[in-house]
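The structure under discussion appears below in the form of structure tokens.
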Amino acid sequence: MTQSFIPDGRRLLDAAEIARTMIRVKVPLDLHAVAAGGSSAFAWATPLRIADLLRFAVREAIGQRAPADKFSRSVARTLAGLAAGDFIIDIDGRSFTDADAVVVCERSADVRFFLAHRRRAALHRTRKTAR
3 MTQSFIPDGR
13 RLLDAAEIAR
23 TMIRVKVPLD
33 LHAVAAGGSS
43 AFAWATPLRI
53 ADLLRFAVRE
63 AIGQRAPADK
73 FSRSVARTLA
83 GLAAGDFIID
93 IDGRSFTDAD
103 AVVVCERSAD
113 VRFFLAHRRR
123 AALHRTRKTA
133 R
């Protein structure tokens with residue numbers, strides 16, 4: 003009988019948290035708000051709509067060289083999926099389901115996408131590996 007290098011190796015791997023990927027988005031500085039309002043607070047924290055952050059995240063994910071039509075289709079599908087409730091957006095640890103909501107961000111924002119409902123295939127797969 004061969005022993006694993008890791009005690010209880012398979013159970014440790016099954017219990018490990020699944021690595022979640024994120025998209026780091028650079029938040030643009032709103033110089034007009036700083037100049038018009040006379041407040042330097044907007045230089046440190048910028049209020050943005052979730053839809054705008056999603057546009058930045060899609061651009062970051064597909065790359066700067068992606069064709070404009072691919073970008074517009076990807077943004078439209080992402081916004082439609084959010085409106086339909088297919089997934090939830092997590093921005094810097096705060097969850098959002100509305101594209102019109104406003105979030106205040108500094109320099110960069112970490113954007114994560116989570117499915118709103120667990121998929122059956124994923125449930126079925128975890129039950130098989132647990133046996």
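Take 3 as the starting number for the sequence shown in my numbering and just add one per residue.
All residues carry an ideal CB built from backbone N, CA and C; glycine is no exception.
The structure presented is a predicted model; accordingly, all values stated were derived computationally and were not measured.
Residue 108 and residue 57 have their C-alpha atoms spaced approximately 17 angstroms apart.
Sequence-distant partners of residue 84 (beyond 5 residues in either direction) whose C-beta falls short of 6 angstroms from its own C-beta, in its chain, are 101.
The beta carbons of residue 111 and residue 94 sit closer together than 7 angstroms.
Per the DSSP secondary-structure output, residue 98 pairs in a beta bridge with 91. Cβ atoms of residue 104 and residue 55 stay farther apart than 8 angstroms, at about 10 angstroms. Rounded to whole angstroms, the separation of the alpha carbons of residue 52 and residue 71 is 21 angstroms. The continuous alpha helix (DSSP H) containing residue 80 extends over residues 70–86.
Taking C-beta atoms as the reference points, residue 63 and residue 25 count as a pair closer than 7 angstroms. Note on residue 115: 16 or more other CB atoms within 10 angstroms of its CB, so buried under the neighbour-count rule. The continuous alpha helix (DSSP H) containing residue 63 extends over residues 52–64. About 17 angstroms separates the beta carbon of residue 68 from that of residue 113, a gap too long to meet the 8 angstroms contact definition.
Residue 48 and residue 28 have their alpha carbons spaced roughly 11 angstroms apart. Per the coordinates, the alpha-carbon of residue 117 lies some 21 angstroms from the alpha-carbon of residue 61.
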